[in-house]
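Enquirer:
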Amino acid sequence: MSVEKKKKQVRKKTTRNKTNRKNTRKEENNNENIVGEKLTEKQKLFCFHFICNDVLRGNATLCYNEAYSKDLYNKDQTRKLDEEGKEIYGTSEYDKCYNSCSVSGSNLLRNIKIQQENRLLLNSLLTDEKVDSRLAEIIFTGANKDSLNAIKEYNKIKGRIEEKLSINGMMVNLEDEDEKIYKKIVNKNLKG
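Numbered by the working numbering, the letters in the sequence shown go through residues 8 to 199 in order.
1) Which residues share a DSSP beta bridge with L116?
2) On the DSSP bridge list, what partners appear for E170?
3) Could you name the residues of the same chain whose beta carbon sits closer than 8 Å to that of L79, not counting the 5 residues immediately before and after it, in chain order?
4) Just the Cα atoms here: how many angstroms apart are N40 and I119?
5) Excluding five sequence neighbours on each side, which residues of the same chain lie with their C-beta closer than 6 Å to the C-beta of Y75?
6) In angstroms with no decimal places, state the Cα-to-Cα distance between K198 and D185.
7) Whole angstroms is fine: what's the gap from R86's alpha carbon to L132's?
8) Does the ligand ADP have even one heavy atom less than 7 Å from the beta-carbon of L133?
9) Given a threshold of 16 other Cβ atoms within 10 Å of its Cβ, counted over all protein chains shown, does A143 qualify as buried or as exposed?
10) In whole angstroms, what is the alpha-carbon distance linking H56 and K171?
11) Can you tell me whether DSSP reads L88 as helix, strand or coil?
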């Protein structure tokens, strides 16, 4: 490889590093600005759906659609066809709206204030009464291993379960044992 090609590669790498540093600084500045702001009603609604809505829970795309009234389900789902007559993904109004909601929902989840609100909502949902209620539901409907393990972990963290260590074996009085050993040593020394 010639010297000129190596120099060009080094220049490209340093340019990329500078760009990456600039992007990181921009993200840090954005996060600092966000911390001082309050959530909008739509952001609060997004958080509510993301944490509390049994149907949408954990799906940022559908939660964004619901909170920001993007009317995803009423969009035309007809896709354009290629030369072979196959549908081209991403060409329908529904696909475009879905992709937009997906990106926007993902961006919201990276927002520090949204993360804090989600944490608060989640903690308000996890009360001892609700966990006990879920446990009773599992008992009556049949064991759901994942939920059962999560409840066990919750109870350990909250200190609701005390783990006891049991040791099986013969009880020995150490003082008596020490005395026997001492006598053996003394007897050996006297005989020897």
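In this text, a Cβ means the ideal position worked out from N, Cα and C, and glycines have one as well.
In this text, all values refer to a predicted model and were calculated from it rather than measured experimentally.
Expert: This is what the structure gives:
1) None; L116 has no bridge partner.
2) E170 is not bridged to any residue.
3) Taking L79 as the centre and dropping the five residues before and after it, the same chain places the C-beta of L69, N72, Y101, C104, Y105 and C108 closer than 8 Å to its C-beta, in chain order.
4) Residue placement at N40 cannot be trusted, given a pLDDT of 43 that sits under 50; the coordinates are not used to answer.
5) Same-chain partners within the cutoff: K49.
6) When rounded, the distance between both Cα atoms is 20 Å.
7) C-alpha separation (whole angstroms): 41 Å.
8) Ligands in the displayed structure: none, and consequently the ligand ADP is not present.
9) Exposed, because fewer than 16 other Cβ atoms sit within 10 Å of the Cβ of A143.
10) If you take the alpha carbons of H56 and K171, they lie about 41 Å apart.
11) DSSP places L88 in the strand class (E or B) of the three-state scheme.
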